[in-house]
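Residue numbers (this note's numbering), protein chains in the order written: chain D, 30 to 175; chain F, 216 to 437; chain V, 2 to 308. Here's the structure, in structure tokens; my notes come after.
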């Protein structure tokens, strides 16, 4: 985790007093986004996990991401009905839903993990997703179990 | 197989509160197949507990281990080392496994993490249904292969009751009426008139109603 | 009281009228008396329900005993949901000793419908077994273990059948089973769908059942359009044709009760024409005050006396 010190006036300007750089873990199917390094942000740390198909993920790995300090988890999958392994992205969606409920039960807020369908190589869409996630985090605050 | 469902996280958390070091012990047989207590579920629960306690500003050390079965000593002894090093064990086995581990390790609190439910089958991926109550005297052939004891809410031997509607049970609109199935089977095999025969009352003494049961195979006792 | 009054009426070939009352949810005997007073003289016998819809009430056996005291003829309903064979046989003997001469054998609504759904159900035996058990106790003087009873309970045995439940093709076969098991009379679920009821009675006639058992057709007067729609959709085993619901919806709220009674009387008229129907069973639960009006308007008053 990188602690970024900010000038007092800038801190006062922020809506949420969030002095810590948010950490987002991105799980991505290589058919949806080939390389997360394409996403380049100064104001957050992005950890990425490359998968041959998003369905190679399990609930456990999403929780491990939070145990490792992630404030939010983004799961990028191929558009509906376009999974090259047919049902992969569908299964991933169901797992993400389960983890959302589990996060609520844990008390971390299920809104920290979300699944998005993007077209192959649509980096702009991926960047928009990161921007939205940061906005969410300004509201949700950092991971209280980090 | 025996099916069960993992208890809600809040309930398990309440049980382990106060302990500094626990073991989540999984079982690789029945509860693994119904996604309640296998290795994956053990790891997920352990992670969820750590996150939950950390969020409260507390720490808990959660050990993880899964053995083949918790209903046989041969496998239970593999967990001895880890059990010795913790204050409490959360077992994700069925009720039988939980009790056996508890009896073999009487010094350590044994907390059940799974609600054992029924003997059933996997109808299709993700759907398990109850099929058998272990009555001790199987006569499913009388009913065309459909057991009215486990699948009729009123255990009728001469059903159906007046609440059967559109092939569904009055108790739950999603539950199939066992007697509709029995009648349908009889019709399709040309045996409807056979169902006009009176089926006499059950002798329940061979079931759990007659007292807790055991099975002894002398040929295996050395 | 010696024999069953209801049995004598039916055996003499007279059209019988029975009704139904639910005991109070408490020990208030006056509540039983009030209900009974409303229908006394207008029916040949009255059913007392047994924790109907699994809601805990004063027991049927107690309700029936009070009715005997009041000079009415009770029909004890007995479900197999709450008592095992030991308790059931015991209660049958006790009921007979209290002057109760008629009983109806039922499985009972599942406990999940009631106000104590966490209760463990019994269902040691089913309604078919219960019919057979009472018959054996009556005719052989023996209980289920073969033990010779110190005075046999000579009950007039009833059962229920639902011509409107599924599976339809099996309903008459099951009726035949109940007759073989020992049923003397049958009370059916309330009739609105006359076509389906006629289909059923014709099948019963074809199997010779109407000569072996007395069938009493159930009737329930509708109070309102809301009641009609509720029963049609929420109560399993009851079928109400669209035409009847439309009739109830087609009148004002003030006229609804009268329309409901009118439909009930038309139903009774049609039922009386059907060969094989030997009586009616009026289930006007919590509307017992309408029973005298229905019986009189249907031309069934006064009831035959046996003196």
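Positions of the beta carbon are idealized from the N, C-alpha and C atoms, including for glycine. On a predicted model such as this, the values are computed, not experimentally measured, just so you know.
Check	Outcome
Just the Cα atoms here: how many angstroms apart are residue 121 (chain V) and residue 84 (chain V)?	11 Å
Applying a beta-carbon distance threshold of less than 7 Å, which residues of chain D neighbour residue 269 (chain F)?	174
For residue 84 (chain D), which three-state DSSP category applies?	helix
What separation, rounded to the nearest whole angstrom, lies between the Cα atoms of residue 157 (chain V) and residue 181 (chain V)?	15 Å
Skipping 5 residues on each side, what residues in its chain have a beta carbon closer than 8 Å to that of residue 24 (chain V)?	32, 33, 49, 50, 58, 59, 60, 61, 63 and 64
Considering Cα atoms alone, identify which of F:391, F:240 and F:408 is closest to residue 170 (chain V).	F:408
Are the segment 231-238 of chain F and the segment 290-308 of chain F in contact at 8 Å, needing three or more beta carbon pairs?	yes
Please classify residue 417 (chain F) as buried or exposed, where buried requires at least 16 other C-beta atoms within 10 Å of its C-beta.	buried
Give the interface partners of residue 124 (chain V) over in chain F, defined as CB-CB distance under 8 Å, in chain order.	369, 370 and 371
Does the count of Cβ pairs from the segment 156-174 of chain D and the segment 241-257 of chain F closer than 8 Å reach three?	no
I'd like to know if residue 198 (chain V) contacts chain F, where contact means its C-beta is closer than 9 Å to some C-beta of that chain.	no
My guess is that residue 295 (chain V) and residue 265 (chain V) are in contact by the Cβ rule of under 8 Å, so how many angstroms apart are they, rounded?	6 Å
I want to see whether chain F comes within less than 9 Å of residue 93 (chain D), judged by CB atoms only; does it?	yes
Given a cut-off of 9 Å on the beta-carbon distance, is the pair residue 18 (chain V) and residue 281 (chain V) in contact?	yes
By the three-class DSSP mapping on this structure, what secondary structure does residue 79 (chain V) have?	strand
On a CA-only basis, which of F:336, F:334, F:313 and F:297 is nearest residue 325 (chain F)? Give me that one, please.	F:313
What does a CB cutoff of less than 7 Å around residue 293 (chain F) pick up in its chain, not counting 5 residues either side in sequence?	282
Could you give the DSSP three-state label for residue 330 (chain F): helix, strand or coil?	strand
Are at least three pairs of beta-carbons, each pair with one atom in the segment 376-386 of chain F and one in the segment 353-365 of chain F, less than 8 Å apart?	no
In chain D, which residues lie with their C-beta within 7 Å of the C-beta of residue 229 (chain F)?	The contacting residues do not exist; residue 229 (chain F) stays about 12 Å from chain D at best.
Assuming residue 125 (chain V) and residue 54 (chain V) form a contact by the criterion Cβ under 8 Å, report the distance between their Cβ atoms to the nearest whole angstrom.	The Cβ separation is near 21 Å, so there is no contact.
Would you report the Cα separation of residue 336 (chain F) and residue 81 (chain V), rounded to the nearest angstrom?	29 Å
What does the Cβ neighbour count give for residue 207 (chain V), buried or exposed, with the cut at 16 atoms within 10 Å?	exposed
Give the list of continuous alpha helix (DSSP H) stretches no shorter than 4 residues that lie fully inside the segment 234-312 of chain F.	245-248, 254-270, 288-291 and 295-299
Measure the Cβ-Cβ separation of residue 55 (chain D) and residue 78 (chain D) and say whether it is below 9 Å.	yes
Along chain D, in chain order, which residues have C-beta atoms closer than 9 Å to that of residue 223 (chain F)?	134
Between residue 400 (chain F) and chain V, is the shortest Cβ-Cβ distance under 9 Å, so that the two count as touching?	no
Identify each residue in the segment 148-178 of chain V for which the Cβ-Cβ distance to at least one residue of chain F is less than 8 Å, and report them in chain order.	161, 162, 163, 166, 167, 168, 170, 171, 174, 175, 177 and 178
Closer than 7 Å, Cβ to any Cβ of chain F: which residues of the segment 122-154 of chain D, in chain order?	131, 134, 135, 136 and 137
Our contact map puts residue 84 (chain D) next to residue 117 (chain D) with C-beta atoms below 8 Å; I'd like the distance itself, whole angstroms only.	4 Å
Once the 5 residues before and after residue 87 (chain V) are set aside, which same chain residues still bring their CB inside 6 Å of it?	none
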